[in-house]
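Residues in the sequence shown are numbered from 0 upward in steps of one, following numbering that gives the first Met the number 0.
Heads up: the structure comes next, in structure tokens.
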Amino acid sequence: MRRITILSGKGGTGKTSITSSLAVLLARKEKIIAVDCDVDAPNLGLNLGVNDSDFSWQAIQTSEKAELIKEKCNGCKKCLSVCNFGAIGWNDKENKPIFNSLLCEGCGSCKLICPQKAIKLKKVINGRIGFARTNYGFTLLSGQLKMGESGSGKIIALLKNKAEKMAEKQKAEMMLVDSAAGIGCPVIASVNGSDFVIGITEPSPSALNDLKRGLQVVEHFQIPYGIIINKWDLNKKFSQKIEDFADKYKIPLLKKIPYNKKFVKALINLKPAVVYDKKFENIFWSIINRI
Ligand code: SF4
Ligand code: SF4
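Okay, here's the thing in structure tokens:
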């Protein structure tokens with residue numbers, strides 16, 4: 000099975016919309032499985048017309064929080080100095096620490112330093128993963144981080160693991176991964192194990208800057224990649240700058256997609272662009288052929 004990941008450093012470049020159209024066309028050629036790894040803001044389901052209630056969800060625990068075992072604590076205050084996340088306060092009345100679960104990242108430093116073994120790490124439900132059948136003949140897996148929780152990278156790792164198992168069961172020939180945005184843990188977990196990465200950018204300095212940072216992560220893993228300039232004609236001068244950059248570093252430019260209001264209309268109607276208007280098929284077939 001080949002694994003293709005669609006990435007963009009910056010949000011709003013059209014990454015998910017491009018992923019949904021590629022998935023619909025690819026599914027006509029071969030058995031695919033799609034994975035929405037943008038667990039902070041998963042929207043691939045919406046793009047494919049899949050509602051939240053269509054998914055079979057499963058709560059997951061990939062995050063831990065510090066908790067005090069009161070009877071063991073002697074008030075030595077050693078734990079107060081180790082938390083880099085400002086999650087430990089002090090209760091003068093009880094002469095014991097207070098743990099703020101919203102700030103705790105579960106790093107375990109306080110547990111390590113406590114001489115009384117008065118701190119434990121407790122697993123918490125920090126998200127959910129689920130799967131649904133789309134109307135386009137393939138399964139979509141999606142993950143969601145619970146509001147205010149941490150551990151999105153671990154949720155993605157778990158989600159991809161489940162996707163691998165499902166792909167094997169379904170004898171899928173291709174896995175299409177809609178990556179999280181940014182350059183942190185969620186992106187690393189998204190691109191890890193990919194055979195090819197498609198970087199999406201738009202003609203603006205911030206999009207290019209963020210794409211460059213994202214591609215550094217891809218290069219670190221030595222994964223081949225190409226780029227797409229979405230809405231390229233909104234700023235032709237800057238698009239040329241991106242092309243020059245691609246030329247200079249020998250990055251394949253897979254496609255320049257022109258701006259078209261119908262892309263927005265397709266989104267509003269919860270349809271991939273190629274379904275909303277067959278005219279767009281040529282654009283996406285040419286991307287698939289280039290890959
Ligand atoms: S587990 Fe880490 S983040 Fe949480 S309170 Fe302890 S030191 Fe702070
Ligand atoms: S280090 Fe342990 S014993 Fe000391 S104050 Fe913190 S929790 Fe209590």
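All residues carry an ideal CB built from backbone N, CA and C; glycine is no exception.
Review point. When you compare each of L67, S141 and R212 to C113 by their alpha carbons, which one comes out closest?
Key: Comparing Cα-Cα distances from C113 to each of L67, S141 and R212, the minimum goes to L67.
Check your understanding: Excluding sequence positions up to five away, which residues of its chain have a Cβ less than 6 Å from the Cβ of E63?
Key -> G105, L120 and K122
Exercise for review: Return the residue from the list Q215, P96 and I197 that minimises the CA-CA distance to G225.
Suggested key: I197
Practice item. Could you work out which residue in L79, K164 and F84 is closest to N94 when comparing CA atoms only? Key: L79
Review point. Considering only residues of the stretch 31-113, which uninterrupted beta strand (DSSP E) runs meet the minimum length of 3 residues and lie entirely inside it, listed in chain order?
Key: Listed in chain order, the complete beta strand (DSSP E) runs (minimum 3 residues) inside the stretch 31-113 are 31-35, 55-59, 62-67, 87-90 and 95-98.
Point to revise | Any 3 or more C-beta pairs closer than 8 Å across the stretch 175-195 and the stretch 29-36 | key: With a cut-off of 8 Å, the stretch 29-36 and the stretch 175-195 count as touching, because enough Cβ pairs lie within range.
Review point. So what's D209 in DSSP terms, helix, strand or just coil?
Key: helix
Check your understanding: If you draw a straight line from the C-alpha of A188 to the C-alpha of G152, how long is it?
Key -> 6 Å
Check your understanding: T4 lies in the beta strand (DSSP E); which residues open and close that run?
Key -> R1 to L6
Exercise for review: Look up N229 in the DSSP assignment and say whether it is helix, strand or coil.
Suggested key: Three-state result, N229: strand.
Exercise for review: Compare the beta carbon distance of I241 and R212 with 9 Å and say whether it is the shorter of the two.
Suggested key: no
Exercise for review: Find out if the Cβ-Cβ distance for the pair Y135, V38 is shorter than 9 Å.
Suggested key: no
Exercise for review: Out of P251, P257, L158 and E148, state which residue places its alpha-carbon closest to the alpha-carbon of P202.
Suggested key: P257
Practice item. Please list, in chain order, all residues of the same chain as P271 whose beta carbon is under 7 Å from its beta carbon, the five residues on each side excluded. Key: S19, S20, V23, N46, L47 and A265
Check your understanding: A180 to D91, Cα distance in whole Å?
Key -> 43 Å
**Study point:** Residue span of the alpha helix (DSSP H) that contains A272, given as start and end
**Key:** A272 to Y275
Point to revise | Inter-residue CB distance, T61 and I154 (contact presumed, cutoff 8 Å) | key: 5 Å
Review point. Comparing the CB of L101 with every heavy atom of ligand 1, is any distance shorter than 8 Å?
Key: no
Practice item. Inspect the beta-carbon positions of I222 and F195 and report whether they are closer than 9 Å. Key: Yes, Cβ-Cβ distance for I222 and F195 is below 9 Å.
Exercise for review: Spell out whether any CB of chain C is found under 9 Å from the CB atom of D232.
Suggested key: In summary, chain C is missing from the structure at hand, where a single protein chain is found.
Check your understanding: Comparing alpha-carbon positions, which option in K116, N259 and L144 lies nearest N73?
Key -> K116
Practice item. Rank K254, I267, N259 and K261 by C-alpha distance to the C-alpha of I282 and give the top, closest one. Key: K254
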